[in-house]
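In the working numbering, the protein residues as written are 354 to 613.
Just so you know, even glycine gets a beta-carbon here, dropped at the ideal spot from N, CA and C.
Everything on this sheet refers to the single structure shown next.
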Amino acid sequence: MPHPPLRLGVNVDHVATLRNARTGRNPDPVRAALVAIEAGADGITAHLREDRRHIRDQDMARLKAEISKPLNFEMAATEEMLHIALATKPHAVCLVPERREELTTEGGLDAVGQHNALAPFISRLSDAGVRVSLFIAADPAQIEMSAKLRAPVIEIHTGAWCDAVVDGQAARAESEWQRIVAGARLARSAGLEVHAGHGLDYVTAEKIASLPEIAELNIGYYLIGEALFTGLGETVRAMRAAMDRGRNSPGNPARQASRA
Ligand code: PXP
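The following block contains the structure:
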């Protein structure tokens, strides 16, 4: 029997990280989203952080207005974000833990410890027709609590596994992998749709794609970094061509001076 399709959600946060380094308009995360969709992405993911370090409110509004595929709005469970999400009405919201001092989303949500706080967010978003997912570690207690909270989707945090693979720590990578395999199965058997993401690259994405329980991968940082290398040569060629055109154009004073 063929496996069910595996969706790719492309996270465009780090296009905005680059844009914000110069505070201007380029590179534009919405343009990146359109390129990703053109190339086969099934959806676009963006994380509006409390400190707006990459995606900003206007980016989220433009993504919702300008892309033709589902928007997955990642956010912390705060009243401010809930208000923005309800106004934006994305296809999905992925609730993530957030700490200001972290470089990225370092761990999963503690659904067990915070079930009372999370429950109203899940129900208010669900009531508004938004599909809620909880970003959690592949831990049985967290998975069972996610099902109890009636979140339709979980996203398994793959960061620890990916780090172990990249660092060549074979034993740790294997135990993290087994945790993911068991977690994906448990979640499916509890009726949850299972997504996964964080730190995935070509190698780890290929491996996790073999798990039929997983319906969607959300990938950002590696893709944006890799795009520099696959795209930089082409971009330098286009710049070279623009400069050559300018230098050789008939009205160019430099050209006329060299003729005189
Ligand atoms: N999924 C979630 C819930 C995330 O928070 C992130 C990081 O923003 C990702 C997926 C994508 O991770 P990465 O950028 O490492 O591919």
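task = Inspect the CB distances between the region 474-486 and the region 511-529 and report whether three or more fall short of 8 angstroms.
result = no
task = State the DSSP-derived secondary structure class of L424, mapped to helix, strand or coil.
result = To locate residue 424, count along the sequence shown from 1; it is residue 71. Here L424 sits in strand by DSSP.
inquiry  = Following a CB-centred definition, is E451 positioned closer than 6 angstroms to any heavy atom of ligand 1?
reply    = To locate residue 451, count along the sequence shown from 1; it is residue 98. False, no ligand heavy atom lies under 6 angstroms from that Cβ.
inquiry  = Under DSSP, the alpha helix (DSSP H) around E391 begins and ends at which residues?
reply    = By one-based count along the sequence shown, residue 391 stands at place 38. Unbroken alpha helix (DSSP H) run through E391: 382-391.
request  = Might you give, ordered along the chain, the residues of its own chain that have their beta carbon closer than 6 angstroms to the beta carbon of V483, omitting 5 neighbours on each side?
outcome  = Walking along the sequence shown from the start, residue 483 turns up at place 130. Closer than 6 angstroms at Cβ, skipping near neighbours: V446.
query = For G578, is the beta carbon positioned less than 6 angstroms from some heavy atom of ligand 1?
reply = If you number the sequence shown from 1, residue 578 lands on position 225. It does not: the Cβ of G578 is nowhere closer than 6 angstroms to a heavy atom of ligand 1.
request  = Rank G544, M498, Q467, A491 by C-alpha distance to the C-alpha of S528 and give the top, closest one.
outcome  = Looking up residue 528 in the sequence shown gives position 175. Out of G544, M498, Q467, A491, A491 has the C-alpha closest to the C-alpha of S528.
request  = Tell me, please, whether the region 553-566 touches the region 592-599 by the rule of three or more beta-carbon pairs shorter than 8 angstroms.
outcome  = Taking 8 angstroms as the limit for Cβ pairs, the verdict is that the region 592-599 does not touch the region 553-566.
key: N-terminal and C-terminal residue of the beta strand (DSSP E) that L487 is part of   = Here the question's residue 487 lines up with position 134 in the sequence shown. That run of the beta strand (DSSP E) goes 484-489.
key: Residues of its chain near N571, where Cβ-Cβ distance is below 6 angstroms and the 5 sequence neighbours each way are ignored   = Stepping through the sequence shown from its first residue, residue 571 is reached at position 218. The residues are G362, N364, T398, G550.
query = How should S602 be labelled, buried or exposed, when 16 other C-beta atoms within 10 angstroms of its C-beta is the threshold for buried?
reply = Counted from its first residue, the sequence shown places residue 602 at position 249. Exposed: under 16 other Cβ atoms inside 10 Å.
key: From D395, N373, A385, A386, residue whose alpha carbon lies closest to that of R407   = Position 54 of the sequence shown, counted from the first residue, corresponds to residue 407. The sequence given here has His at residue 407, not Arg. Checked all of D395, N373, A385, A386; the closest Cα to H407 is N373.
inquiry  = In the DSSP output, what is H548 paired with across the bridge?
reply    = Start at 1 with the first residue of the sequence shown, and residue 548 comes out as number 195. H548 pairs with E508, E569.
message = So for L478, helix, strand or coil by DSSP?
response = Within the sequence shown, numbered from 1, the residue matching residue 478 stands at position 125. Helix, per DSSP.
inquiry  = Can you find the residues in the same chain that come closer than 6 angstroms, C-beta to C-beta, to R415, ignoring five residues on each side of it along the sequence?
reply    = Here residue 415 refers to the residue found at position 62 when the sequence shown is read from its first residue. The residues are V383.
ask   = Taking the alpha-carbon positions, what's the W514 to R378 distance?
value = By one-based count along the sequence shown, residue 514 stands at place 161. By one-based count along the sequence shown, residue 378 stands at place 25. W514 and R378: Cα-Cα distance of roughly 35 angstroms.
query = Is N379 helix, strand or coil when you go by DSSP?
reply = Against the sequence shown, residue 379 aligns to sequence position 26. Coil at N379, not helix or strand.
query = Does DSSP put L564 in a helix, a strand or coil?
reply = Indexing the sequence shown from 1 puts residue 564 at position 211. L564 carries a coil assignment under DSSP once its states are collapsed to helix, strand and coil.
key: Beta-bridge partners of N364, as assigned by DSSP   = Residue 364 sits at position 11 when you count from the first residue of the sequence shown. Bridge partners of N364: T398.
inquiry  = Beta-carbon within less than 8 angstroms of K442's beta-carbon, same chain only, minus the 5 sequence neighbours each way: which residues are those?
reply    = Against the sequence shown, residue 442 aligns to sequence position 89. If we look at K442 and ignore the five residues flanking it on each side, its Cβ neighbours are K417, A481, G482, V483.
Beta bridge counterpart(s) of A445 as assigned by DSSP = Counting from one through the sequence shown, the residue named residue 445 turns up at place 92. Beta-bridge pairing links A445 to N425, R484.
task = Verify whether the separation of the beta carbon atoms of A494 and V465 is less than 7 angstroms.
result = For this step, residue 494 is matched to residue 141 along the sequence shown. For this step, residue 465 is matched to residue 112 along the sequence shown. The answer is yes: Cβ separation under 7 angstroms.
query = By Cβ distance, which residues of its chain are closer than 8 angstroms to L359, with the 5 residues on each side in sequence left out?
reply = Counted from its first residue, the sequence shown places residue 359 at position 6. Only A562, I567, A568, E569, L570 meet the Cβ criterion.
ask   = For D404, does the three-state DSSP call read helix, strand or coil?
value = Locating residue 404 in the sequence shown gives position 51, where the first residue counts as 1. Note: D404 maps to coil in three-state DSSP.
inquiry  = Any heavy atom of ligand 1 closer than 6 angstroms to the beta-carbon of G550?
reply    = Mapped onto the sequence shown, residue 550 falls at position 197. Indeed, a heavy atom of ligand 1 lies less than 6 angstroms from the Cβ.
ask   = At a cut-off of 6 angstroms, is E508 close to ligand 1 when judged by its beta-carbon and the heavy atoms of the ligand?
value = Along the sequence shown, one-based indexing puts residue 508 at 155. True, at least one ligand heavy atom lies under 6 angstroms from that Cβ.
message = Considering Cα atoms alone, identify which of A543, G460, A537 is closest to M498.
response = As a position in the sequence shown, residue 498 is number 145, starting the count at 1. Of A543, G460, A537, the residue nearest in Cα terms is A543.
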